[in-house]
Structure formats: C-alpha cells, structure tokens
Amino acid sequence: MSAPDTSVKKTSTSLYDTFSRAPLEFERGEGAWVFTRDGDAYLDFSAGIAVNTLGHANPILVKALTEQAGKIWHTSNLFRISGQETLADTLVANSFADRVFFANSGAEANEAAIKTARRYHYVNGQPERFRILTIEGAFHGRTLATLAAGGQQKYLDGFGPKADGFDQVPFGDMAAIKAAVTPATAAIMIEPIQGEGGVRTFSNDFLRELRALCDAEGMLLIFDEVQTGIGRTGKLFAYEWTGIAPDILTAAKGIGGGFPLGACLATNEAAKGMTPGTHGTTFGGNPLAMAVGNAVLDTVLSDGFLEHVRETARYLTQRLGGLVDSHPGVIDEIRGEGLLIGLRALKPIPEVVAAVRGQNMLVAGAGDNVLRLLPPLNIGKAEVDAAIDKLDAAFSAIEADAANAARQSA
C-alpha cells in the first residue's frame with residue numbers, strides 16, 4: 001500500500017466542501033435565541049430551516065429525549081417499538097391517513113412516498129404506471145430519485161443521467177398538468193407551498209382541481225409537507241386548509257423538533273402494496289426519535305397551540321406589512337401562510353440575508369429572491385417585535401449603503 005499523499009494542505013477542515021457556511025458557531029440555544037461562545041445572542045427566525053418547532057432546548061423535548069436515552073436507544077425494526085405505534089396512532093387520529101412509515105429525513109419520507117405510489121399500481125396489475133408529475137421549482141430532497149422529482153438542473157448537474165419516471169410541469173398551470181398525464185402516470189406530487197422554491201403558494205381551488213383530476217384518472221395525490229407540516233401553517237398539515245386530502249403525505253423537519261425524523265402517511269388503499277420486505281430502514285423510527293416525536297405532537301396538538309400559531313402569524317404579517325411600506329426599495333411582497341413567511345427582495349438575497357445577520361438575526365434564503373422567516377411555532381409578540389426591529393435596521397442599512405454607493409458613483 002502506498003503512503004498517503006500529504007502534499008496538499010487542508011485549508012479548513014476535513015469536511016466535504018458542500019456547504020457555504022456562515023462564519024458563525026452557536027454553543028447553546030434557548031427558545032427563539034441562540035448564543036455564540038462569546039455570548040452574542042441571535043434571534044433565530046430560521047429554526048434550523050423550519051425544524052425547531054418548539055425552539056431550542058425546549059424542556060419538554062429535553063426531558064423526553066434524556067429519559068429515553070437512559071432506557072434504550074436502538075433495537076431496529078426487527079422488533080416492535082411502542083413509541084412508533086403511539087406516534088403513528090396520533091398522526092392517523094389527526095389526519096386523513098391510516099398508515100405511517102417512519103424514516104430519518106424528508107428525502108427518505110419522499111422516497112417512501114414515491115415507492116408507495118409505484119407499488120400501488122404494480123399490485124393493481126398496472127406496473128407500467130410509474131411516472132410521477134411534479135411542479136417546476138419544487139424541492140423534494142437530495143437523493144437521486146428526489147432530485148429527479150424536483151427536476152432543478154442546478155442540483156442534478158454532475159450526477160449522471162436523471163432518474164427516470166418524473167415529469168415536471170410549470171408552476172400553477174393546470175392545462176399543462178392535464179396535458180402531461182399519460183397512461184403511465186401514477187401520481188402527482190406537490191408541495192402545497194413551495195418553500196425552497198420561494199414560498200410560492202398554490203390556491204385551494206388549484207389543489208382541489210388536482211384532487212379531482214387524480215380521482216378521474218386513477219392517480220394518487222402526494223402532498224410533500226416536509227416544510228409545511230406539523231403546525232407550520234397554523235393547521236397540523238397544510239392540506240387541512242383546502243377541503244380535500246391527499247392519498248399520501250410526507251412530513252419531516254418539524255416533526256422531530258430538531259431530532260432527525262421523517263414520516264410517510266398514506267391511506268390503507270394507497271399503502272396496500274407496501275407489504276413485508278418491500279421497504280425498510282435501519283434507523284427510522286428508533287426509540288430516541290419516537291420519544292421526541294411524540295413529545296412534539298403532544299405539544300402541537302394541545303389545546304390552544306395551533307390557535308396561538310395563527311394569532312402570532314397574523315400579528316407578524318401585520319407588522320411585516322409596515323416594513324414593506326417603509327422599505328419599498330428593499331422588499332415588495334409578503335408570501336406564505338402561518339409561520340412560513342416569504343419576503344420577496346428587490347436586492348440580491350445573499351446581500352439581504354447578510355444584512356439581517358448583521359443585526360444578530362438568523363433567516364433563510366429561498367428561490368425567486370425570497371427571504372424566508374421560519375421561527376419556532378411557540379414564539380410570541382415579544383419575539384415578533386424584536387424581529388421587526390432587526391429587519392427594519394437591516395433594511396435601513398441596505399438603503400444607506402445604496403445611497404452611499406450612488407453618491408460615490410455620481
């Protein structure tokens with residue numbers, strides 16, 4: 001064996017260079033705030049990209065995790081895990097679904113949804129029905145199949161041929177969807193609100209028409225609620241606003257409150273092909289994840305919690321409206337539902353994100369030059385007011401920089 005090549009010096013760490021990380025590291029968190037080692041406090045309105053449903057170091061979640069950690073961590077799905085059955089029963093009791101499969105992430109949940117839809121038609125004697133229609137601008141994950149489902153070339157480049165079986169149609173174009181349906185189409189997969197795609201919302205009428213189309217053509221309807229689910233829009237799931245239900249739904253991010261957890265929900269009919277041996281996971285649904293997931297769901301479904309989300313969202317949206325009026329050269333539109341809020345920026349989004357971070361506030365960028373606000377769901381008016389002050393200061397700084405640049409170029 002040859003000696004390792006040590007001629008190239010490492011520039012930073014041994015990690016893959018797949019993330020453009022901000023030069024910040026946080027040592028601890030409390031509620032909607034995170035703190036650096038030096039004690040600098042940042043208001044967290046990204047929540048780990050819609051993950052920290054109940055904020056940082058929530059005592060309910062800490063208790064659930066530490067109690068379970070003292071009992072048993074992992075047994076695998078070769079054996080019953082009571083926490084899975086409890087969490088599945090809670091999800092079923094509070095949704096359209098009859099069956100639940102637990103995974104570790106949103107991408108894995110979406111893989112399960114894709115396989116569930118294809119298998120459904122296979123056991124119905126129509127194996128040729130495996131294609132899935134998706135919407136341009138969607139983001140369904142980073143596996144080869146979910147990248148193909150999203151269809152965004154910037155994520156597909158360099159990874160070989162695009163996985164077959166996915167057909168993208170333009171955003172909000174029902175005529176294009178109907179034209180794209182073929183005898184090989186198995187399902188339509190859609191995010192009720194495109195998060196990564198720019199907080200772009202589909203109308204309830206559009207989603208209801210999708211449901212009718214799927215029923216007429218014998219297709220399954222899949223809702224990717226990885227970002228919109230678990231109370232983010234003010235309902236447990238965003239489909240509840242529409243008056244219809246999907247056949248399959250995926251959840252992740254907020255369902256674990258920060259612990260890796262994903263879920264694929266389905267009706268008995270849609271899941272009938274998922275029999276022993278057809279799908280599996282080593283870590284999915286482990287006792288640690290289930291302990292936290294049950295604590296999250298118990299809290300989100302407790303009396304008054306979702307009403308609080310809706311009230312806070314109304315207050316936040318009202319306050320943001322004043323910012324749009326005050327800074328018309330920086331932002332010009334408010335999008336979203338509940339506490340999934342997008343501000344369309346008129347300046348490059350990296351510049352806006354950096355300016356907000358300069359005011360000790362964390363936010364996330366999105367497609368279509370949108371700034372995403374994804375705070376913990378249990379914030380109150382005090383955190384909203386603090387966020388508005390920080391956004392106002394950030395936007396004012398952007399305006400001042402632009403004015404200075406204009407003077408210097410004059």
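For the record, in the sequence shown the residue sitting at position 92 is 92 according to the numbering used here, with numbers rising by one throughout. Where is the CB? At the ideal position from N, CA and C, for every residue including glycine.
With a cut-off of 8 Å on Cβ pairs, the region 239 to 249 is in contact with the region 266 to 280, counting three or more such pairs.
Between the alpha carbons of N204 and I132 lies a distance of about 21 Å.
In the DSSP assignment, I331 falls within the unbroken beta strand (DSSP E) covering 331 to 337. Residue burial is scored here from C-beta neighbours: G277 has fewer than 16 other C-beta atoms within 10 angstroms and is therefore classed as exposed. Contact between R232 and G338 holds, since their C-beta atoms are separated by about 6 Å, short of 8 Å.
Using a C-beta cut-off of 8 Å, the region 281 to 298 makes contact with the region 251 to 261, since at least three inter-stretch Cβ pairs fall below that distance. Going by C-alpha positions, G150 is about 42 Å away from S409.
In its chain, beyond the 5 residues on either side, T90 have a beta carbon closer than 6 Å to the beta carbon of L297.
Using a Cβ distance threshold of 8 Å, F237 and S95 count as a contacting pair. As for any alpha helix (DSSP H) of minimum length 4 sitting wholly inside the region 130 to 157, the runs are 144 to 150, 153 to 156, ordered along the chain.
In the assembly as shown, A138 is a buried residue. Its beta-carbon has 16 or more other beta-carbons within 10 Å. Apart from sequence neighbours up to five positions away, the residues of its chain that approach E128 with a beta-carbon distance below 6 Å are A184, ordered along the chain. For the pair V363 and F35, the CB atoms are not nearer than the 8 Å cut-off. Y120 carries a helical assignment under DSSP once its states are collapsed to helix, strand and coil.
Taking C-alpha positions only, G234 is separated from L306 by approximately 5 Å. When rounded, the separation of the alpha-carbon atoms in R357 and G336 is 22 Å. Here the C-alpha atom of T86 lies approximately 11 Å from the C-alpha atom of V100.
For F206, the enclosing alpha helix (DSSP H) stretches over residues 204 to 217.
For M290, the three-state secondary structure derived from DSSP is helix.
When the five nearest sequence neighbours on each side are left out, the beta carbons in the same chain lying within less than 7 Å of the beta carbon of V324 are those of I331, D332, I334, in order along the chain. In the assembly as shown, F223 is a buried residue. Its beta-carbon has 16 or more other beta-carbons within 10 Å. Looking from the CA of D167, the closest CA among D157, M274, Q152 belongs to Q152.
In this structure L221 is not in contact with I193, their Cβ atoms being roughly 16 Å apart against a cut-off of 8 Å. In this chain, the beta strand (DSSP E) harbouring T250 covers 248 to 251.
With a 10 Å radius around the Cβ and a threshold of 16 neighbouring Cβ atoms, I114 comes out buried. The residue among F102, V62, N404, E67 with its C-alpha nearest the C-alpha of I81 is F102. Between E108 and G262 the beta-carbon gap is near 5 Å, inside 8 Å, which marks them as a contact. Taking all protein chains in view, the Cβ of E196 is crowded by 16 or more other Cβ atoms within 10 Å, so the residue is classified as buried.
One Cα belongs to A179, the other to A366, and the distance between them is close to 29 Å. By the neighbour-count criterion, in which a residue is buried when 16 or more other Cβ atoms sit within 10 angstroms of its Cβ, R314 is exposed. Taking Q68 as the centre and dropping the five residues before and after it, the same chain places the C-beta of P287, L288, A291 closer than 7 Å to its C-beta, in chain order. Rounded to whole angstroms, the separation of the alpha carbons of T75 and L374 is 34 Å.
For the pair G48 and G125, the Cα-to-Cα distance works out to about 43 Å. E111 places its beta carbon less than 8 Å from that of A145. Look at D38 here: in three-state DSSP terms it is coil, with no helix or strand label. Secondary structure at Q318: helix, using DSSP grouped into helix, strand and coil.
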